[in-house]
Amino acid sequence: MSEETQVATRDPQNVSARSTAAALIPPVDIVEDETGITITADLPGASKDRLEIKMEGEHLLIEAEAAVAVPEGLQLLHAEIGEPRYRRAFRLSRELDGSKIEASLKDGVLTLCIPRTEQPQPRRIEVQVAP
424 MSEETQVATR DPQNVSARST AAALIPPVDI VEDETGITIT ADLPGASKDR
474 LEIKMEGEHL LIEAEAAVAV PEGLQLLHAE IGEPRYRRAF RLSRELDGSK
524 IEASLKDGVL TLCIPRTEQP QPRRIEVQVA P
């Protein structure tokens, strides 16, 4: 990533104060190549059915809830973790195509692949001779 190219930034204004206080901010890695960026977020305990990814304009929002299972035969007496909620917001660069995001979740790790927008390619225009 060049020093001048800003492909994704954390957007704290897009996260309300109420949800920030109650939600954990998952750590992420962002890597870039010529095709776009890949965001990897750690969401331990989150499952696909409790994960929501939204793209509104240039804002990308990741929200998830984790289920902490209590082993059978045991009773939960005290829980400081409970069922953690995760929330992370980003503002994407116009260089990225938010409509083509691909997402996968495996073992609590969310991977988002965000391609660059396709630039118009030069093309040759053939001139027709009028009869």
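For the sequence shown, the positions run 424 to 554 when my numbering is used. By construction, the Cβ of each residue, glycine as well, lies at the ideal position given by its N, Cα and C atoms. These numbers come from a predicted model, not from an experiment.
Around the beta-carbon of GLY459, 16 or more other beta-carbon atoms lie within 10 Å, marking it buried. For ALA487, the enclosing beta strand (DSSP E) has its first and last residue at 482-489. Runs of beta strand (DSSP E) with 3 or more residues, each lying fully within the stretch 441-471, are found at 451-456 and 459-465, listed in chain order. Put simply, of ALA526, ARG511, ALA490 and GLY468 the residue whose alpha carbon is nearest the alpha carbon of VAL451 is ARG511. Proximity to ILE448 across GLU488, ILE537 and ASP456 peaks at GLU488, based on C-alpha coordinates. Here ILE476 has ILE485 and ALA526 as same chain residues with Cβ atoms under 6 angstroms from its own Cβ, once five neighbours each way along the sequence are excluded. Inter-residue distance for ARG539 and ARG546 is about 20 angstroms (C-alpha atoms, whole angstroms). Secondary structure note for ALA502: it is in no beta strand (DSSP E), with a DSSP letter that is neither H nor E. Between the C-alpha atoms of ALA490 and LEU500 there is a straight-line separation of about 17 angstroms. Check the Cα spacing between GLY521 and each of ALA446, ALA445 and ILE462: the tightest is with ILE462. Boundaries cannot be given for THR540, as no beta strand (DSSP E) includes it and DSSP labels it neither H nor E. Per DSSP, ALA526 is one residue of the beta strand (DSSP E) stretching across 525-529.
Across the set GLU457, PRO467 and ALA446, the C-alpha of PRO467 shows the shortest separation from the C-alpha of LEU533.
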